[in-house]
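Chemist: If you scroll down you'll find the structure; I have some questions about it.
2 protein chains.
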Amino acid sequence: MNLSKLAFFEGSSEGFLKALDENAHMKKCKKGKVLFLHGDPAEYFYIVKSGWVKLFRETLDGAQSISDILPAGSIFGETALFENDTHPYSAEIIEPSEIMSVPIKFLKDELESNNAFTLKMLSYMARHRRRQDIEIEHRAIQNASQRIGCFLLRLVKKDHEGTIIIHLPYDKTLIASRLGMQPETFSRALSKLKEKTGIRIKGATIEFDTLEQLTSYCCSCCSSEYPCKDLLAVE
Amino acid sequence: MNLSKLAFFEGSSEGFLKALDENAHMKKCKKGKVLFLHGDPAEYFYIVKSGWVKLFRETLDGAQSISDILPAGSIFGETALFENDTHPYSAEIIEPSEIMSVPIKFLKDELESNNAFTLKMLSYMARHRRRQDIEIEHRAIQNASQRIGCFLLRLVKKDHEGTIIIHLPYDKTLIASRLGMQPETFSRALSKLKEKTGIRIKGATIEFDTLEQLTSYCCSCCSSEYPCKDLLAVE
DNA sequence: CGAGGGTTTGAAGTGCATCAAATAGTGTGG
DNA sequence: CCACACTATTTGATGCACTTCAAACCCTCG
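Line by line, the protein sequences give chains A and B.
Heads up: the first sequence begins at 77 in this note's numbering, then just goes up one per residue.
Heads up: the second sequence begins at 77 in this note's numbering, then just goes up one per residue.
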């Protein structure tokens, strides 16, 4: 992966890209590794080169709430810049991953000196905001099966042909919490989705013939019509 | 209200403020007025000078999901800049309000020419993102009564002394939908909150003696401890 | 005073959570 | 390559929170 090819770094200066190259540190991480905790002082921001990372927070009661689950190509930890250099969530590796860390100072410098980059980041942030908005809507309006269906639709490759085959990218338990439901509910809701739409399920592989099977069941109670203007892409 | 005093316009150039002054259009709006609809092309962004504005979206099924309810001093419609000049939500006046509209072009120009302003807006957007994050957490983890309690806490003035008196800023029905619940649930959950915490309720006025009455019931199942670092302020 | 919306109350239903236990799947060491 | 250990997933039974539908009540404002 070439950093300069990530949408996030579009518009960044030569100097910044060079600084990234020279100061980025790559490491392989095992499942379960915690990179930082909510409230930790932030010296670095991170880029997922491969694998999956979970962002989450915990309450005093011990309940966990998942903020996001990030695929390769994602940036995280950068929001500390706007939170007094403190991470507003915890980050944990959930699949074997390669993670790059970059001193957040470089990002700050680039933002302060390169308006084109700042604009890109603003637009990136606006996109995220929009996604969250839709997330809130989904949680309020869609039932468990519909949320799963919508999640599956986001996994469909754009250039699919014929039978659509999807592999769930990480544990069902994690998908469940990502979608704000219990594992048991996920299991039952997926069965219900199968009944309602005729999708075929074998373990972590899911098959169906046309998008319509899912969209007709899931998208009628959403304010953005499929294909959701690419707002919701997972990877 | 002086525009230059709004946090949103901190860092903006003299020229921009002048352009705002000269091109802003003020209008009084009655309850129920719809300013624009989700999907409308956006020529203007707006500033709430007084009153309250509801941002929302509707699904094909006719269900409505409330995105935000904005107090005086808020900006809205500006996100269209990042959505191909199309509004990503509808806006409706919910209390008699004074609304300023400004051609979005001026905002765009200022963003493209003034990095200090772009940075401010980035930070503003990051704040919004954080609030949404917490919103999602609350919906997932808090029960109806706790969400109401948290909402009340956000209405408490910072310089309160002695008995704390709160006036609900708009209809209970609207608060209910803002918090993602039915009016009936709101009514019952508020009674429950009264039982649990000893707050006193008279119509739209709520009284209690110490914040602790509410915080001990509401904040234990939240990842941000009260006073939530001012993240959640409503006005 | 009366109309209409906002609010509360009651009764019944639904969806998801929880607890418990069985089953499937995966990786490990022998 | 197999048996075991451990985790992920499914299934069943039950409970609870919130919703829904219906109706009464209350409040405000013309």
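Backbone N, C-alpha and C define an ideal beta-carbon position, used for all residues, glycine too.
Remember, it's a predicted structure, so these values are computed and weren't measured experimentally.
What's the gap between the Cα of A/H101 and the Cα of A/T239?
Modeler: One C-alpha to the other measures close to 41 Å.
Chemist: According to DSSP, is B/S65 helix, strand or coil?
Modeler: Since the first residue shown for chain B is 77 and the last is 311, residue 65 of chain B is missing from the structure and cannot be characterised.
Chemist: Taking the continuous alpha helix (DSSP H) assigned at A/T261, which residues delimit it?
Modeler: 259-273 is the extent of the alpha helix (DSSP H) around A/T261.
Chemist: Under the three-state reduction of DSSP, which class applies to B/D144: helix, strand or coil?
Modeler: Here B/D144 sits in strand by DSSP.
Chemist: Using the rule of at least 16 other Cβ atoms within 10 Å of the residue's Cβ for burial, across every protein chain shown, is B/Q208 buried or exposed?
Modeler: B/Q208 should be labelled buried.
Chemist: Using 7 Å as the limit for Cβ to Cβ distance, is A/H163 near chain B?
Modeler: No - not a single Cβ of chain B is within 7 Å of the one on A/H163.
Chemist: Between the segment 179-208 of chain B and chain A, which residues of the former have a C-beta closer than 8 Å to a C-beta of the latter?
Modeler: Within the segment 179-208 of chain B, the residues whose Cβ lies closer than 8 Å to some Cβ of chain A are L187, E188, S189, N190, N191, T194, L195, M197, L198, S199, M201, A202, R203, H204, R205, R206, Q208, listed in chain order.
Chemist: Using a Cβ-Cβ cut-off of less than 7 Å, give me the residues of the segment 129-146 of chain A that come near chain B, in sequence order.
Modeler: Under the 7 Å Cβ criterion, the segment 129-146 of chain A contributes R133, E134, T135, L136, D137, A139, S141, S143.
Chemist: Look up A/G91 in the DSSP assignment and say whether it is helix, strand or coil.
Modeler: Three-state DSSP puts A/G91 in a helix.
Chemist: Cα-Cα, which of B/D247, B/I170, B/T135 is closest to A/E301?
Modeler: The shortest Cα separation from A/E301 among B/D247, B/I170, B/T135 belongs to B/T135.
Chemist: Alpha carbon to alpha carbon, how far is A/F132 from A/P147?
Modeler: C-alpha separation (whole angstroms): 15 Å.
Chemist: Taking the C-alpha atoms as reference points, what is the distance between B/S80 and B/K94?
Modeler: Distance between the alpha carbons of B/S80 and B/K94: 10 Å.
Chemist: In three-state DSSP terms, what is B/Y120?
Modeler: B/Y120: strand per DSSP, three-state reduction.
Chemist: Within the same chain, show all residues whose beta-carbon is closer than 8 Å to that of A/F284, passing over the 5 residues directly before and after it, in chain order.
Modeler: So the list reads T239, I240, T273, G274, I275, R276, L290, once near-sequence residues are dropped.
Chemist: Name the DSSP bridge partner or partners of A/C105?
Modeler: Its beta-bridge partners are A/S173.
Chemist: Using a threshold of 7 Å, state whether the C-beta atoms of B/S199 and A/F158 are closer than that.
Modeler: Against a cut-off of 7 Å, the Cβ pair of A/F158 and B/S199 comes out as a contact.
Chemist: Alpha carbon to alpha carbon, how far is A/R215 from A/R223?
Modeler: Distance between the alpha carbons of A/R215 and A/R223: 8 Å.
Chemist: Using a Cβ cut-off of 7 Å (strictly closer), state whether A/S296 contacts chain B.
Modeler: A/S296 counts as touching chain B.
Chemist: Please name the residue, chosen from A/M257, A/L244, A/L228, A/E213, that lies closest to A/A220 on a Cα-to-Cα basis.
Modeler: Nearest of A/M257, A/L244, A/L228, A/E213 to A/A220, Cα basis: A/M257.
Chemist: In chain B, which residues lie less than 8 Å from A/A216 when you measure between Cβ atoms?
Modeler: Ordered by position in chain B, the residues that pass the 8 Å Cβ test against A/A216 are S141, R215, G256.
Chemist: Can you look up A/G127 in the DSSP assignment and give me helix, strand or coil?
Modeler: Looking at A/G127 - three-state DSSP - the assignment turns out to be strand.
Chemist: For A/T155, decide whether its Cβ has a neighbour in chain B, counting only Cβ atoms nearer than 7 Å.
Modeler: Cβ-Cβ to chain B under 7 Å: yes for A/T155.
Chemist: Where does A/H214 sit, in a helix, a strand or coil, going by DSSP?
Modeler: Reduced to three states, the DSSP call for A/H214 is helix.
Chemist: For A/H163, does the three-state DSSP call read helix, strand or coil?
Modeler: Three-state result, A/H163: coil.
Chemist: Quick check: the Cα distance between A/L96 and B/K130, rounded to an integer number of angstroms?
Modeler: If you take the alpha carbons of A/L96 and B/K130, they lie about 43 Å apart.
Chemist: Assign B/E301 to one of three DSSP states: helix, strand, or coil.
Modeler: Three-state DSSP puts B/E301 in coil, outside helix and strand.
Chemist: Using alpha carbons as the reference points, say which of A/F193, A/L228, A/I217, A/C304 lies closest to A/L269.
Modeler: For the residues A/F193, A/L228, A/I217, A/C304, the minimum Cα distance to A/L269 belongs to A/L228.
Chemist: Secondary structure at A/K248, three-state DSSP: helix, strand or coil?
Modeler: Looking at A/K248 - three-state DSSP - the assignment turns out to be helix.
Chemist: Quick check: what's the CA-CA separation for A/H204 versus A/H236?
Modeler: The straight-line gap from Cα to Cα measures roughly 25 Å.
Chemist: Quick one, which of B/N190, B/I145, B/E119, B/V124 has its alpha-carbon nearest B/E86's?
Modeler: With distances taken between Cα atoms, B/E86 lies closest to B/N190.
Chemist: Provide the residue span of the alpha helix (DSSP H) that contains A/L229, from first to last.
Modeler: 220-231 is the span of the alpha helix (DSSP H), which, as asked, contains A/L229.
Chemist: Quick check on the burial criterion: 16 or more other C-beta atoms within 10 angstroms. Buried or exposed for A/A280?
Modeler: A/A280 should be labelled exposed.
Chemist: Following the continuous alpha helix (DSSP H) through B/E283, name the residue where it begins and the one where it ends.
Modeler: B/E283 -> not in any alpha helix (DSSP H); beta strand (DSSP E) instead, spanning 281-284.
Chemist: For B/R133, which beta-bridge partners are listed by DSSP?
Modeler: Paired residue(s): B/S141.
Chemist: Determine the burial state of A/T286: buried for a count of at least 16 other Cβ atoms within 10 Å of its Cβ, exposed for fewer.
Modeler: Answer is exposed; the Cβ neighbour count stays below 16.
Chemist: What is the rounded straight-line gap between the Cα of A/E174 and the Cα of A/D247?
Modeler: Computed Cα separation, rounded: 19 Å.
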